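Residue numbers (the working numbering): 1 to 220.
All residues carry an ideal CB built from backbone N, CA and C; glycine is no exception.
Remember, it's a predicted structure, so these values are computed and weren't measured experimentally.
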């Protein structure tokens, strides 16, 4: 894998036109990888730090940092950017993101050219950012109230909405296609409790093991 180059974020922005993604924060530093990245298994935030020569256990960034892949990112297993990293950061992918499972908490993930996530997106957070331009192909996305901006071809379950439009007001963006009230019609038994609260941790575990999440009448 090519080395990651450290530079001021403004320099990376000028070269790659990253500001078109309309960030809500001002980044200080960028680590840029030129070319696509293929990971033959799972990939974590700790793995990303080590790839850039950073120690996720002992060395702190001390500034708001964006890691940039100028190309596609393909992860044959689970992409879990919060695992193994003690600081919040952003990952920007200028191409397409592909993974089996994506789970995100306090990290910011921006993708320019769509995503293909074959099993599950777990975005059950109030802190993180998930922004994917283009189309996201994923059978199931579970979310809370994080900063979510994408167009998914699959089902979106928002755990904090009791009903589809939460009391009859305008639909949130992106539109929540299924609410907690509709969970039993969608998910297999064992993924939610008597209050129809979805166990996202268990859903991730099942997805990583290749177990089905959706009822056969809806999907596999």
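By the criterion of a C-beta distance shorter than 7 Å, residue 207 is surrounded in its chain by 101, 119, 120, 213, once the five residues flanking it on both sides are discounted. If you look at residue 93, you'll find it in the beta strand (DSSP E) that goes 90-93. A distance below 6 Å between beta-carbons, with the five flanking residues on each side excluded, links residue 115 to the following residues of its chain, in chain order: 97, 132, 136. Judged by DSSP in its simplified three-state form, residue 67 adopts strand. A distance below 7 Å between beta-carbons, with the five flanking residues on each side excluded, links residue 25 to the following residues of its chain, in chain order: 64. Non-local beta-carbon contacts of residue 202 in its own chain, meaning distances under 8 Å to residues more than five positions away in sequence, involve 190, 191 in chain order. Taking the CA atoms as reference points, residue 149 sits about 13 Å from residue 104.
Assignment of alpha helix (DSSP H) within the segment 84-159, counting only whole runs of 4 or more residues, yields no such run.
If you ignore the 5 residues before and after residue 178, its C-beta comes within less than 6 Å of the C-beta of 155, 157, 186, all in its own chain and listed in chain order. Annotated as proximal: residue 93 and residue 71, with beta-carbon spacing under 9 Å. Looking at the DSSP output, residue 214 shares a beta bridge with 187. Straight-line spacing of the CA atoms in residue 81 and residue 216 works out to 31 Å. At a Cβ-Cβ threshold of 9 Å, residue 56 and residue 49 count as neighbours. Taking C-alpha positions only, residue 4 is separated from residue 38 by approximately 14 Å. DSSP places residue 48 inside the alpha helix (DSSP H), whose first and last residues are 45-51.
At the C-beta level, residue 160 and residue 182 stay beyond 9 Å of one another. In the DSSP annotation of this structure, residue 25 is not part of any beta strand (DSSP E), being labelled neither H nor E.
Separation of residue 53 and residue 193 (C-alpha to C-alpha, rounded to the nearest whole angstrom) is 43 Å. Within the same chain, 39, 43, 99 come within 6 Å of residue 75 by CB-CB distance, once the 5 residues on both sides are set aside. For residue 208, no beta strand (DSSP E) encloses it; the enclosing alpha helix (DSSP H) starts and ends at 200-208.
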